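Per my numbering, residue 559 is the first one in the sequence shown, and the count goes up by one each step. Single-structure report; data block below.
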Amino acid sequence: MTADVLVKPLLTEKLTALQEKENKYAFQVTRSANKIEIKKAVEARYGVNVIAVNTSLKEGKRKVQYTKRGLMVGKRDDVKKAVVTLKSGEVIDFLKNA
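Take a look at the structure:
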């Protein structure tokens with residue numbers, strides 16, 4: 559079950575700077591996952607010690623499309639993001655551990 563919790567690692571400029579400065583890594587996780595499950599999943603998959611887990615929910619963006627039949631309204635999926643703080647000196651190499 560721990561393998562199903564992590565959807566994908568998030569890599570942006572801001573998160574890469576956070577990795578280098580504060581040793582924090584971000585993952586997209588399933589909406590039903592809690593902090594304990596996320597911690598166990600990261601430790602099992604990458605073999606590191608997790609100090610803290612912070613989570614946030616991002617509501618999906620509303621999308622509107624104009625067509626011949628009228629207005630089509632939709633919505634992207636809601637996303638849960640987890641920022642994981644590792645013990646100092648430990649690193650996750652996403653390319654190696656993929």
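Cβ coordinates follow ideal geometry from the N, Cα and C atoms, glycine included. None of the values given here were measured: they were computed from a predicted structure.
Of the choices GLY605, LYS593 and GLU648, whose alpha-carbon is the least far from that of VAL563? Per the Cα distances, LYS593.
Of the residues VAL587, VAL600 and LEU569, the one placed nearest GLU648, counting alpha carbons only: Of the residues VAL587, VAL600 and LEU569, the one whose Cα lies closest to the Cα of GLU648 is VAL600.
Per DSSP, which one or two residues make a beta bridge with ASN612? Looking at the DSSP output, ASN612 sits in a beta bridge with VAL641.
By alpha-carbon positions, which one of LYS639, GLY628 and SER590 ends up nearest to LEU569? That would be LYS639, whose Cα lies nearest to the Cα of LEU569.
In terms of alpha-carbon separation, which member of GLU617, TYR604 and LYS626 lies closest to ARG589? Nearest of GLU617, TYR604 and LYS626 to ARG589, Cα basis: GLU617.
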